[in-house]
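For reference, the structure is listed below as C-alpha coordinates.
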Amino acid sequence: MRISIIDAVRGLALFGILLVNVLDFSLPTLYVDATVFAKDGVDRFLLAFVDIFVQASFYPLFSLLFGWGAWIMLDKGGERFQVIFLRRLLALLLFGMIHAFFIWHGDILIGYAIVGLFLFPFFQASAKTLRNWALSLWSSWAFGSTVLMWLMWKMSGDVDFSEPELAKQAIANYQQGTWEQIFTQRAYDWLYVNSLTQAFIFILTIFPFFFIWGIYRKRKMVS
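All residue numbers for the sequence shown refer to this note's numbering, where the first residue is 202 and numbers rise by one.
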(Lines of atoms letter the chains of each structure in order from A and count residues from 1; the text may use other names and numbers.)
(Lines give C-alpha, C1' and ligand atoms only; values in the text may rest on other atoms or scores of the structure.)
Protein backbone atom coordinates (compact mmCIF):
# COMPACT_ATOMS: atom_id res chain seq x y z
CA MET A 1 0.00 0.00 0.00
CA ARG A 2 1.33 3.42 -0.96
CA ILE A 3 1.68 6.14 1.70
CA SER A 4 0.67 9.43 0.08
CA ILE A 5 2.65 11.73 2.34
CA ILE A 6 5.86 9.73 1.79
CA ASP A 7 5.33 9.75 -1.97
CA ALA A 8 4.79 13.52 -1.84
CA VAL A 9 7.97 14.11 0.17
CA ARG A 10 9.89 11.80 -2.15
CA GLY A 11 8.62 13.79 -5.14
CA LEU A 12 9.71 17.03 -3.44
CA ALA A 13 13.17 15.55 -2.84
CA LEU A 14 13.47 14.48 -6.47
CA PHE A 15 12.41 17.95 -7.61
CA GLY A 16 15.16 19.44 -5.44
CA ILE A 17 17.72 17.08 -6.95
CA LEU A 18 16.47 18.14 -10.40
CA LEU A 19 17.13 21.79 -9.49
CA VAL A 20 20.67 20.94 -8.39
CA ASN A 21 21.50 19.05 -11.57
CA VAL A 22 19.56 20.94 -14.24
CA LEU A 23 22.59 23.04 -15.23
CA ASP A 24 24.66 19.92 -15.73
CA PHE A 25 22.15 18.68 -18.30
CA SER A 26 23.17 21.40 -20.75
CA LEU A 27 26.50 22.81 -19.55
CA PRO A 28 29.88 21.16 -18.80
CA THR A 29 29.73 22.12 -15.13
CA LEU A 30 31.53 18.89 -14.34
CA TYR A 31 34.75 20.48 -15.64
CA VAL A 32 34.05 24.23 -15.37
CA ASP A 33 32.40 26.02 -12.46
CA ALA A 34 28.83 27.10 -13.20
CA THR A 35 29.62 30.70 -12.23
CA VAL A 36 31.59 30.98 -15.49
CA PHE A 37 28.28 30.87 -17.35
CA ALA A 38 26.53 33.41 -15.09
CA LYS A 39 25.62 36.46 -17.19
CA ASP A 40 24.49 38.82 -14.44
CA GLY A 41 23.75 39.21 -10.76
CA VAL A 42 20.47 37.31 -11.03
CA ASP A 43 22.29 34.24 -12.37
CA ARG A 44 24.84 34.41 -9.56
CA PHE A 45 22.10 34.82 -6.97
CA LEU A 46 20.23 31.76 -8.28
CA LEU A 47 23.42 29.68 -8.29
CA ALA A 48 24.14 30.69 -4.70
CA PHE A 49 20.52 29.98 -3.70
CA VAL A 50 20.68 26.46 -5.13
CA ASP A 51 24.03 25.77 -3.44
CA ILE A 52 22.91 27.00 -0.02
CA PHE A 53 19.23 26.09 0.21
CA VAL A 54 18.80 23.17 -2.20
CA GLN A 55 21.96 21.13 -2.64
CA ALA A 56 22.57 20.63 1.07
CA SER A 57 18.91 19.90 1.82
CA PHE A 58 17.35 17.58 -0.71
CA TYR A 59 20.04 14.92 -0.93
CA PRO A 60 19.79 14.30 2.85
CA LEU A 61 16.00 14.21 2.54
CA PHE A 62 16.18 11.65 -0.26
CA SER A 63 18.69 9.62 1.77
CA LEU A 64 16.41 9.73 4.80
CA LEU A 65 13.55 8.37 2.67
CA PHE A 66 15.77 5.62 1.28
CA GLY A 67 16.64 4.54 4.82
CA TRP A 68 12.99 4.74 5.84
CA GLY A 69 12.11 2.35 3.02
CA ALA A 70 14.78 -0.12 4.13
CA TRP A 71 13.57 -0.23 7.74
CA ILE A 72 9.93 -0.54 6.65
CA MET A 73 10.93 -3.50 4.47
CA LEU A 74 12.63 -5.03 7.51
CA ASP A 75 9.34 -4.81 9.45
CA LYS A 76 7.30 -6.36 6.65
CA GLY A 77 9.78 -8.73 5.06
CA GLY A 78 9.97 -11.33 7.80
CA GLU A 79 12.51 -14.11 7.41
CA ARG A 80 12.97 -13.38 3.70
CA PHE A 81 13.82 -9.73 4.28
CA GLN A 82 17.51 -10.02 3.46
CA VAL A 83 16.80 -11.78 0.16
CA ILE A 84 14.11 -9.26 -0.76
CA PHE A 85 16.26 -6.26 0.18
CA LEU A 86 19.28 -7.60 -1.69
CA ARG A 87 17.13 -8.18 -4.77
CA ARG A 88 15.86 -4.59 -4.53
CA LEU A 89 19.42 -3.26 -4.30
CA LEU A 90 20.51 -5.29 -7.32
CA ALA A 91 17.54 -3.97 -9.31
CA LEU A 92 18.45 -0.44 -8.21
CA LEU A 93 22.04 -1.03 -9.31
CA LEU A 94 20.86 -2.24 -12.73
CA PHE A 95 18.63 0.80 -13.26
CA GLY A 96 21.47 3.03 -12.08
CA MET A 97 23.92 1.56 -14.57
CA ILE A 98 21.44 2.01 -17.42
CA HIS A 99 20.87 5.59 -16.32
CA ALA A 100 24.57 6.42 -15.84
CA PHE A 101 25.96 4.94 -19.04
CA PHE A 102 23.06 5.33 -21.48
CA ILE A 103 21.27 8.51 -20.31
CA TRP A 104 23.26 10.78 -17.98
CA HIS A 105 26.48 10.37 -16.04
CA GLY A 106 25.16 12.09 -12.90
CA ASP A 107 23.39 9.01 -11.58
CA ILE A 108 23.02 8.50 -7.85
CA LEU A 109 21.22 5.14 -7.86
CA ILE A 110 24.47 3.18 -8.19
CA GLY A 111 25.79 4.89 -5.08
CA TYR A 112 22.62 4.16 -3.10
CA ALA A 113 22.62 0.52 -4.20
CA ILE A 114 26.23 -0.01 -3.13
CA VAL A 115 26.03 1.94 0.13
CA GLY A 116 22.76 0.15 0.88
CA LEU A 117 24.75 -3.09 1.15
CA PHE A 118 26.48 -1.66 4.22
CA LEU A 119 23.14 -1.61 6.02
CA PHE A 120 22.98 -5.39 6.43
CA PRO A 121 25.24 -5.57 9.53
CA PHE A 122 23.21 -2.81 11.22
CA PHE A 123 19.67 -4.15 10.95
CA GLN A 124 20.02 -6.03 14.24
CA ALA A 125 22.00 -3.28 15.97
CA SER A 126 20.63 -1.31 18.91
CA ALA A 127 19.44 2.28 18.68
CA LYS A 128 22.50 3.37 20.64
CA THR A 129 24.84 1.64 18.17
CA LEU A 130 23.09 3.23 15.20
CA ARG A 131 23.23 6.64 16.85
CA ASN A 132 26.92 6.33 17.66
CA TRP A 133 27.78 5.26 14.12
CA ALA A 134 25.77 8.11 12.62
CA LEU A 135 27.39 10.70 14.89
CA SER A 136 30.85 9.27 14.24
CA LEU A 137 30.45 9.39 10.47
CA TRP A 138 29.04 12.91 10.51
CA SER A 139 31.75 14.12 12.87
CA SER A 140 34.47 12.57 10.72
CA TRP A 141 33.12 14.33 7.65
CA ALA A 142 32.72 17.69 9.39
CA PHE A 143 36.23 17.59 10.86
CA GLY A 144 37.89 16.11 7.77
CA SER A 145 36.30 18.53 5.31
CA THR A 146 37.16 21.53 7.52
CA VAL A 147 40.80 20.48 7.83
CA LEU A 148 41.02 19.75 4.10
CA MET A 149 39.65 23.13 3.10
CA TRP A 150 41.99 24.87 5.55
CA LEU A 151 45.01 23.02 4.15
CA MET A 152 44.02 23.85 0.58
CA TRP A 153 43.64 27.51 1.50
CA LYS A 154 46.99 27.62 3.32
CA MET A 155 48.87 25.82 0.56
CA SER A 156 47.49 27.41 -2.57
CA GLY A 157 45.02 30.18 -1.79
CA ASP A 158 42.42 30.35 -4.55
CA VAL A 159 42.26 26.93 -6.14
CA ASP A 160 41.06 26.67 -9.72
CA PHE A 161 39.52 23.28 -10.37
CA SER A 162 38.35 24.12 -13.89
CA GLU A 163 39.53 22.02 -16.82
CA PRO A 164 38.42 23.90 -19.95
CA GLU A 165 39.96 21.43 -22.39
CA LEU A 166 37.95 18.57 -20.92
CA ALA A 167 34.88 20.80 -21.08
CA LYS A 168 35.45 21.51 -24.78
CA GLN A 169 35.94 17.83 -25.49
CA ALA A 170 32.71 16.94 -23.68
CA ILE A 171 30.75 19.59 -25.61
CA ALA A 172 32.15 18.36 -28.92
CA ASN A 173 31.36 14.72 -28.20
CA TYR A 174 27.83 15.36 -26.96
CA GLN A 175 26.95 17.77 -29.77
CA GLN A 176 28.62 16.13 -32.76
CA GLY A 177 29.94 12.74 -31.66
CA THR A 178 28.87 9.32 -32.80
CA TRP A 179 26.89 7.00 -30.53
CA GLU A 180 30.15 5.31 -29.46
CA GLN A 181 31.84 8.65 -28.71
CA ILE A 182 28.88 9.83 -26.66
CA PHE A 183 28.79 6.55 -24.71
CA THR A 184 32.54 6.77 -24.07
CA GLN A 185 32.25 10.39 -22.95
CA ARG A 186 29.42 9.55 -20.60
CA ALA A 187 31.43 6.69 -19.09
CA TYR A 188 34.45 8.99 -18.71
CA ASP A 189 32.28 11.60 -17.00
CA TRP A 190 30.97 9.01 -14.57
CA LEU A 191 34.46 7.73 -13.74
CA TYR A 192 35.68 11.31 -13.35
CA VAL A 193 33.14 11.91 -10.58
CA ASN A 194 32.96 8.50 -8.95
CA SER A 195 36.45 8.00 -7.58
CA LEU A 196 37.31 6.05 -4.42
CA THR A 197 37.56 9.37 -2.61
CA GLN A 198 34.05 10.30 -3.69
CA ALA A 199 32.76 6.90 -2.55
CA PHE A 200 34.30 7.48 0.88
CA ILE A 201 32.70 10.93 1.08
CA PHE A 202 29.36 9.43 0.02
CA ILE A 203 29.51 6.98 2.93
CA LEU A 204 30.38 9.71 5.43
CA THR A 205 27.67 12.12 4.28
CA ILE A 206 24.78 9.97 3.03
CA PHE A 207 25.00 6.67 4.92
CA PRO A 208 24.24 8.18 8.37
CA PHE A 209 20.82 9.31 7.14
CA PHE A 210 19.95 5.65 6.53
CA PHE A 211 20.10 5.12 10.30
CA ILE A 212 17.64 7.77 11.45
CA TRP A 213 14.40 5.83 11.02
CA GLY A 214 16.11 2.73 12.43
CA ILE A 215 17.02 4.66 15.59
CA TYR A 216 13.44 5.86 15.97
CA ARG A 217 12.05 2.39 15.26
CA LYS A 218 14.27 0.61 17.78
CA ARG A 219 13.65 3.19 20.50
CA LYS A 220 9.92 2.81 19.97
CA MET A 221 10.22 -0.96 20.25
CA VAL A 222 12.06 -0.68 23.56
CA SER A 223 9.58 1.78 25.02
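Ideal Cβ placement from N, Cα and C applies to all residues, glycine included.
With DSSP as the reference, label residue i as helix, strand or coil.
| i | result |
| --- | --- |
| threonine 379 | coil |
| histidine 300 | helix |
| glutamate 364 | coil |
| proline 229 | coil |
| glycine 312 | helix |
| lysine 329 | helix |
Look at residue i and residue j and say whether their C-beta atoms are less than 8 angstroms apart.
| i | j | result |
| --- | --- | --- |
| tryptophan 414 | glycine 268 | yes |
| phenylalanine 155 | tryptophan 334 | Nothing can be reported for residue 155: it is not among the residues displayed for the chain, which extend from 202 to 424. |
| glycine 416 | alanine 328 | The sequence as given places isoleucine at residue 416; glycine does not occur at that position. For isoleucine 416 and alanine 328, yes; Cβs fall inside 8 angstroms. |
| glycine 217 | serine 258 | yes |
| phenylalanine 410 | serine 264 | yes |
Please report the distance separating the alpha-carbon of residue i from that of residue j.
| i | j | result |
| --- | --- | --- |
| valine 191 | leucine 220 | Outside the modelled stretch of the chain, which goes from 202 to 424, sits residue 191, for which no answer is possible. |
| alanine 274 | alanine 388 | It is worth fixing the name first, because residue 274 is methionine in this sequence and not alanine. Each residue's Cα considered, the two are about 33 angstroms apart. |
| alanine 239 | arginine 245 | 6 angstroms |
| aspartate 252 | leucine 331 | 29 angstroms |
| leucine 405 | isoleucine 204 | 29 angstroms |
| valine 223 | isoleucine 311 | 19 angstroms |
Grab me the residues of residue i's own chain with a C-beta within less than 7 angstroms of its C-beta, minus the 5 sequence neighbours each way, in chain order.
| i | result |
| --- | --- |
| arginine 420 | Ala328 |
| leucine 290 | Ala314, Gly317 and Leu318 |
Excluding five sequence neighbours on each side, which residues of the same chain lie with their C-beta closer than 6 angstroms to the C-beta of residue i?
| i | result |
| --- | --- |
| aspartate 308 | Gly297, His300 and Ala301 |
| aspartate 208 | none |
What residues in its chain sit with their C-beta under 8 angstroms from that of residue i, if we drop five residues either side in the sequence?
| i | result |
| --- | --- |
| valine 210 | Leu262 and Leu266 |
| isoleucine 364 | Note that residue 364 is glutamate in the sequence shown here, rather than isoleucine. Tyr232 and Val233. |
Less than 7 angstroms between the CB of residue i and some heavy atom of the ligand NAD, yes or no?
| i | result |
| --- | --- |
| alanine 235 | As presented, the structure is devoid of all ligands, the ligand NAD included, so that no description of it is given. |
Next on the checklist: Closer than 8 angstroms is the cut-off here; do at least three beta carbon pairs connect the stretch 283 to 292 with the stretch 370 to 377?
Outcome noted: Three or more beta-carbon pairs separated by less than 8 angstroms are not found between the stretch 283 to 292 and the stretch 370 to 377, which leaves the two stretches without contact.
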